[in-house]
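Single-structure report; data block below.
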Amino acid sequence: MAVGQVPELPEVETVRRGLSERGIGQVFAEAIVGHPGILEDCSVQDVAGLAGERLERCDRHGKYLLLRMAGLSRRTLVVHLGMSGQLTFRRADEQVVPGTVRMPSGYVKSLGPPVVDAHVHLILRCVGGGEFLFRDPRRFGRILLLEGWDTACHARLERLGPDAISLTARQLAGLLAQAGRRDVKTVLLDQSVVAGIGNIYADEACFLARIRPDRSMGSLDSKARLSLARAALAVLDQGIRMAGTTFRDFVDVDGAHGGNAEKLQVYARGGLPCLRCGEVLSKAVVATRGTVWCERCQR
DNA sequence: AGTACTACCTGGAGGC
DNA sequence: TGCCTCCAGGTAGTAC
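Our numbering numbers the first residue of the first sequence as 23 and each following residue consecutively.
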């Protein structure tokens, strides 16, 4: 079966944590754009102007990484990993060799060296050696450079709803209640309702909550909405603890794969038996996305 | 106004 | 073996 890999909230959070460990305090010596098409509302020259800037902190809103620059400019380099984006860091004195690393959760990840090829669209060289690499074969990723730390100044970020894991289950359930009569899955994927949920975690949340993804959100009572909200937060939390889901491309800043793929209950399992009841899992297009659910478990 | 659909893009998988 | 076609999906823009 053809499967994708999508940087959703847990994957982007995994990258953010790695960048915070490896990148904060680094001063950029040079910024090189490989493919200008990934830039949005900024030029190659604008990005080159990052030379001399120091990375002060790394935040995240939904699937967007927010690299905050120190100093007078206080600019923000915004990175969206799109479908296949990777943001890795290579230390100059570091020979990255394939191996394993044990996560705090106990999961052992495999390590691979960052690949440098024609799909690397941005290189941020650091003073003293080392470099950030943005690599994105499908080029759905985007890079923006904002003046200041206020991300609401750009339309793309201004229309985002609150970050999913900043919410309590009750708060999230409340947002779902206001989301109209669209399919449950359509609402979960709508970044203006809540930011961070993509196709994988939407399907997993529906399965955990025992709710069909093609039901109208308006048909859910308050108890079901709360159940769905709790399920969404639970699958996101598990994804973060497992350092993300890797099918093919997703890696953290050190080139390590995430461990969540083996935890998935429905995503990419269409036609296989339900892990809860044994029923053959259904697969169809819902909200214009490949969607898998159990006819028996999900109502 | 709210909702639905399509273009963008490339690598991998499967068919013949 | 190799070529061809199809499929994956996040977001903005367009159409209804």
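All C-beta atoms in this analysis are idealised placements derived from N, C-alpha and C, irrespective of residue type, glycine included.
Within the model, the alpha-carbon separation for H143 versus E169 is close to 22 Å. When rounded, the separation of the alpha-carbon atoms in A114 and R321 is 54 Å. Judged by DSSP secondary structure, L258 falls outside any beta strand (DSSP E) and instead within the alpha helix (DSSP H) spanning 244-263.
The segment 150-165 and the segment 86-106 touch, with three or more beta-carbon pairs separated by less than 8 Å. Beta-bridge partners assigned by DSSP to P295: V302. Separation of the CB atoms of A309 and L211 is rounded to 6 Å, and the pair is thereby assigned contact status at 8 Å.
In this structure, the alpha-carbon of A278 lies about 25 Å from that of H57.
Remark: C-beta atoms of I219 and L31 approach each other more closely than 8 Å.
The Cβ-Cβ distance between R82 and R90 does not fall below 8 Å. Secondary structure note for G312: its beta strand (DSSP E) is the uninterrupted segment 311-315. In the three-state reduction of the DSSP assignment, Q108 falls in the strand class. Here DSSP, grouped into helix, strand and coil, assigns L155 to strand. When DSSP states are grouped into helix, strand and coil, D205 belongs to the strand group. If you draw a straight line from the Cα of L179 to the Cα of T173, it comes to about 6 Å.
By the neighbour-count criterion, in which a residue is buried when 16 or more other Cβ atoms sit within 10 angstroms of its Cβ, V138 is exposed. Residue state for R321 is assigned as coil, using DSSP reduced to three classes. For I187, the three-state secondary structure derived from DSSP is helix.
Residue state for L99 is assigned as strand, using DSSP reduced to three classes. Contact between L194 and A251 holds: their C-beta atoms lie close to 4 Å from each other, under 8 Å. By the Cβ criterion, the segment 54-74 is not in contact with the segment 246-266, since fewer than three pairs of Cβ atoms, one from each stretch, lie closer than 8 Å. Contact between L182 and A231 fails: their C-beta atoms lie close to 23 Å from each other, not under 8 Å. An exposed status is given to V149, since fewer than 16 other beta-carbon atoms sit within 10 Å of its beta-carbon. G280 counts as buried, since no fewer than 16 other beta carbons sit within 10 angstroms of its beta carbon. Measuring C-alpha to C-alpha distances from R318 to each of P29, E301, Q213 identifies E301 as the nearest. Taking one beta carbon from each stretch, the segment 33-44 and the segment 263-274 have 3 or more pairs nearer than 8 Å; the two touch. When DSSP states are grouped into helix, strand and coil, L286 belongs to the coil group.
8 Å or more divides the Cβ of F50 from the Cβ of G84. Partner residues in the beta bridge of S238, as assigned by DSSP, are D205.
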